[in-house]
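Sequential numbering from 0 applies to the sequence shown in numbering that gives the first Met the number 0. Where a beta carbon is used, it is the ideal one built from N, C-alpha and C, also for glycine. Data first, discussion second: the structure below is written as structure tokens.
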Amino acid sequence: MAEHKEYSMPQLAEMLQHYGIRVSAQRIAVLEDIANCRKHPSAEEIYTKLSKSFHSLSRTTVYNSLHTLTEKGLLRELEIESGCIRYDIAHQSSPHSHFVCQKCGRITDMPMPDGIQGTIPPDYSIECVDVFIKGICPECSRQK
């Protein structure tokens, strides 16, 4: 599986500053939920989780934060299921693919399949490569 790094609050604040994003408690919380969670949450999942700690947090604040973080290049959107946008850290050190369990819905980072970049003709400019692998995770396989 792809390496997963845990980020501290000071590191998250530094990331926001590096990308020219004003630091706020809500933005740090949104970024932390994405950066330190392996689930690649949707906006609604982020709102549901954070609203338990931030009682005055609105959906609009979460959506606006996600828009800003994505627009500035800190996050990237993943549309693994049609119509459902999930979020991932954009600057992870190594490109990776995503395995989606068809039974439990868990999304797991996986190494990028070998040779995929070599299949793109050199006169094409690559902005993004998304690879989604679907199947059954080991945990669900054991539950049969």
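Practice task
In the DSSP assignment, find the unbroken beta strand (DSSP E) run with residue 110 in it and report its ends.
Solution key: 106 to 110
Exercise for the section: For residue 68, I'd like the list of residues in its chain whose CB is within less than 6 Å of its CB, leaving aside the five on either flank, ordered along the chain. Expected result: 74
Handout entry: Chain-order list of residues whose beta-carbon lies under 7 Å from that of residue 16 (same chain, five-residue window excluded)
Key = 22
Problem - Buried/exposed call for residue 39, threshold 16 Cβ in 10 Å - result: buried
Handout entry: For residue 99 and residue 88, believed in contact at Cβ under 8 Å, the rounded distance
Key = The pair is not a contact, with the Cβ atoms about 18 Å apart (cut-off 8 Å).
Practice task
Out of 29, 20, 19, state which residue places its alpha-carbon closest to the alpha-carbon of residue 6.
Solution key: 29
Practice task
Please classify residue 97: is it buried, with 16 or more other beta-carbons within 10 angstroms of its beta-carbon, or exposed?
Solution key: buried
Handout entry: Bridge-paired residues (DSSP) for residue 85
Key = 41, 77
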